[in-house]
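Peer 1: Attaching a single structure in structure tokens format; questions to follow.
In this note's numbering, the protein residues as written are 5 to 430.
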């Protein structure tokens, strides 16, 4: 619970401290970088998180220390940046004249033609290089799923990506040099305050913690909840919708927990696809291939499991398999909680079993018992970075005599909501 309020968004941009007390809830990082800081290496190609021309890195403190991930600046709102470190392509060279190995490889292997998409590719490869200095082709392709190029045909970019490790570690890689300093500075930004910026019709709120969020939402039941903004971002960039007042919850540690007790995995609503599937695909292998079909790496690093459920889309990727697995949902309003079967949460198109002032807090996923058959199939017009045409999930256990003991079949894209195929089951 917040015991103080701050009227500034505070973060670090490259090496500079930033404090903003006049920023709209629908202001995107892309627009702010280009218009307010003249950092124009970050490009706008699609304004919907598909092309990757706007890729930047966002670093945040976690239980694992300081972690950086690639994100789409075009749909990342400024309100979500409190307490983070934003890194743009301009920062890779540090203060020197020598290009970073990722940049130099793109030059040497002719990975750029018109150049518009190149900064985004560089930042995606930089994010990969930081985690995996010698990546496989499969890892490179996965890291670049969210980056599109209309000129090169990609092979030159792949050659550059394969060669990065041969350049050796950058002697003055900025994030390596600055790591200790940035970690300390981000720690100092954590003051336990609720952030409130703006007034009237243009307000944004960053709660201090989950308890504070519950209290704020009870008072502001009509507010727009923003976690990863992979959906809400398009409300603004494509539909020009007003999202004020907006409550930004993506940084709340209490919604980003993953645990397992008695064969049930509990995933906080603010856990991203990348984080959730690292556990889910290990414990439920059939889910592994699905995550690579959800957006690009940047979207997977931003989009949340709770958001994918709460928005009620009939073509959301996670509800059908979670329904088939028998998942349950915890909803919270103030200090009151209730847990329901996930399948009952979806009432009709655009209507969910969520009261005013109530929010999705966690989803509980049972791990299938040994011998259970479970499979997920996603059908799209193209393999990568495409929304679902239809998605089917199938769960089956057999009795000792070979008959079906239990079966659950769930679909997305076949009805106004994600839905069990109960007529087929019986």
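Backbone N, C-alpha and C fix where the C-beta goes; we use that ideal spot for every residue, glycine too.
May I have the straight-line CA-CA distance separating residue 290 from residue 99, to the nearest angstrom?
Peer 2: Locating residue 290 in the chain shown gives position 286, where the first residue counts as 1. Locating residue 99 in the chain shown gives position 95, where the first residue counts as 1. Looking at the two C-alpha atoms, the distance is approximately 47 Å.
Peer 1: Within the same chain, show all residues whose beta-carbon is closer than 6 Å to that of residue 281, passing over the 5 residues directly before and after it, in chain order.
Peer 2: Against the chain shown, residue 281 aligns to sequence position 277. Result list for residue 281: 295, in chain order.
Peer 1: Identify every residue that forms a DSSP beta bridge with residue 21.
Peer 2: The residue you call residue 21 lines up with position 17 of the chain shown. 16.
Peer 1: In whole angstroms, give me the CA-to-CA distance for residue 11 and residue 342.
Peer 2: On the chain shown, position 7 is the one that residue 11 refers to. On the chain shown, position 338 is the one that residue 342 refers to. Answer to the nearest angstrom: the Cα atoms are 33 Å apart.
Peer 1: On a CA-only basis, which of 390, 330, 119, 417 is nearest residue 401? Give me that one, please.
Peer 2: Locating residue 401 in the chain shown gives position 397, counting from the first residue. Comparing Cα-Cα distances from residue 401 to each of 390, 330, 119, 417, the minimum goes to 330.
Peer 1: Leaving out five residues on either side along the sequence, give the residues of the same chain with a beta carbon under 7 Å from the beta carbon of residue 163.
Peer 2: For the purposes of this step, residue 163 is taken as residue 159 along the chain shown, with counting starting at 1. Here the set comprises 113.
Peer 1: Report back the beta-carbon spacing between residue 179 and residue 56 to the nearest angstrom; my notes put them in contact at under 8 Å.
Peer 2: Taking the first residue of the chain shown as position 1, residue 179 is located at position 175. Taking the first residue of the chain shown as position 1, residue 56 is located at position 52. Not really, about 20 Å apart at Cβ, beyond 8 Å.
Peer 1: Within a Cβ cutoff of 7 Å, which residues of the same chain sit near residue 146, ignoring the five residues on either side of it in sequence?
Peer 2: Taking the first residue of the chain shown as position 1, residue 146 is located at position 142. Taken in chain order, the residues that qualify are 296, 301.
Peer 1: Is the stretch 300 to 317 close to the stretch 341 to 357, with three or more CB pairs under 8 Å?
Peer 2: Note that the stretch 300 to 317 touches the stretch 341 to 357; at least 3 beta-carbon pairs, one per stretch, sit closer than 8 Å.
Peer 1: Do residue 366 and residue 259 have their C-beta atoms within less than 9 Å of each other?
Peer 2: Residue mapping note: residue 366 aligns to position 362 of the chain shown, counting from 1. Residue mapping note: residue 259 aligns to position 255 of the chain shown, counting from 1. Taking 9 Å as the Cβ cut-off, residue 366 and residue 259 qualify as a contacting pair.
Peer 1: Could you pull out every unbroken alpha helix (DSSP H) segment of at least 4 residues lying fully inside the stretch 134 to 217, listed in chain order?
Peer 2: 141 to 147, 159 to 167, 178 to 193
Peer 1: Within a Cβ cutoff of 7 Å, which residues of the same chain sit near residue 38, ignoring the five residues on either side of it in sequence?
Peer 2: On the chain shown, position 34 is the one that residue 38 refers to. Once the five neighbours on either side are set aside, the close Cβ partners of residue 38 are 44, 46.
Peer 1: Report yes if the C-beta distance between residue 242 and residue 52 is below 9 Å; otherwise report no.
Peer 2: The count along the chain shown starts at 1 and reaches residue 242 at position 238. The count along the chain shown starts at 1 and reaches residue 52 at position 48. In contact: residue 242 and residue 52 (Cβ atoms closer than 9 Å).
Peer 1: Leaving aside the five residues before and after residue 124 along the sequence, list all residues of the same chain whose C-beta is less than 6 Å from its C-beta, in chain order.
Peer 2: To locate residue 124, count along the chain shown from 1; it is residue 120. Counting only Cβ-Cβ distances below 6 Å, and skipping sequence neighbours, we find 56, 57, 59, 151.
Peer 1: In whole angstroms, give me the CA-to-CA distance for residue 382 and residue 203.
Peer 2: By one-based count along the chain shown, residue 382 stands at place 378. By one-based count along the chain shown, residue 203 stands at place 199. Approximately 44 Å between the Cα atoms of the pair.
Peer 1: Could you tell me which residues DSSP pairs with residue 281 in its beta bridges?
Peer 2: Here residue 281 refers to the residue found at position 277 of the chain shown. Residue 281 is not bridged to any residue.
Peer 1: Can the beta-carbon of residue 248 be found closer than 9 Å to that of residue 207?
Peer 2: Residue numbering aside, residue 248 sits at position 244 when the chain shown is read from its first letter. Residue numbering aside, residue 207 sits at position 203 when the chain shown is read from its first letter. Contact: yes.
Peer 1: Are the beta-carbon atoms belonging to residue 201 and residue 40 less than 9 Å from one another?
Peer 2: Here residue 201 refers to the residue found at position 197 when the chain shown is read from its first residue. Here residue 40 refers to the residue found at position 36 when the chain shown is read from its first residue. Taking 9 Å as the Cβ cut-off, residue 201 and residue 40 do not qualify as a contacting pair.
Peer 1: Name the one or two DSSP bridge partners that residue 355 has.
Peer 2: Along the chain shown, read from residue 1 onward, the residue named residue 355 stands at position 351. Bridge partners of residue 355: 352.
Peer 1: Per DSSP, residue 440 forms a beta bridge with which residues?
Peer 2: Examination of residue 440 is not possible in this model, given that the chain is present from 5 through 430 alone.
Peer 1: Assuming residue 271 contacts residue 328 under a Cβ cut-off of 8 Å, what Cβ separation, rounded to an integer in Å, is found between them?
Peer 2: Residue 271 sits at position 267 when you count from the first residue of the chain shown. Residue 328 sits at position 324 when you count from the first residue of the chain shown. Rounded, the Cβ-Cβ distance is 16 Å, inconsistent with contact.
Peer 1: Please list the terminal residues of the continuous beta strand (DSSP E) segment that includes residue 76.
Peer 2: Here residue 76 refers to the residue found at position 72 of the chain shown. Element bounds for residue 76: 69 to 76.
Peer 1: Would you mind stating whether residue 199 and residue 13 have Cβ atoms separated by less than 9 Å?
Peer 2: Position 195 of the chain shown, counting from 1, holds the residue named residue 199. Position 9 of the chain shown, counting from 1, holds the residue named residue 13. Yes, the Cβ-Cβ distance between residue 199 and residue 13 is below 9 Å.
Peer 1: Per DSSP, which one or two residues make a beta bridge with residue 337?
Peer 2: Working through the chain shown from its first residue, we reach residue 337 at position 333. DSSP, once it has assigned bridges, lists 340 as partnering residue 337.
Peer 1: Assign residue 176 to buried or exposed, taking buried as 16 or more other Cβ atoms, counted over all protein chains shown, within 10 Å of its Cβ.
Peer 2: Walking along the chain shown from the start, residue 176 turns up at place 172. The residue is exposed, with fewer than 16 neighbouring Cβ atoms inside 10 Å.
Peer 1: Compare the C-alpha of residue 42 against each of 405, 122, 93, 118 and name the closest.
Peer 2: Sequence index remark: in the chain shown, residue 42 carries index 38 (1-based). Cα-wise, what sits closest to residue 42 is 93.
Peer 1: List the whole-angstrom C-beta distance separating residue 254 from residue 231, where the pair is believed to meet the contact cut-off of C-beta under 8 Å.
Peer 2: The residue given as residue 254 occupies position 250 in the chain shown. The residue given as residue 231 occupies position 227 in the chain shown. Contact holds; Cβ gap of about 5 Å.
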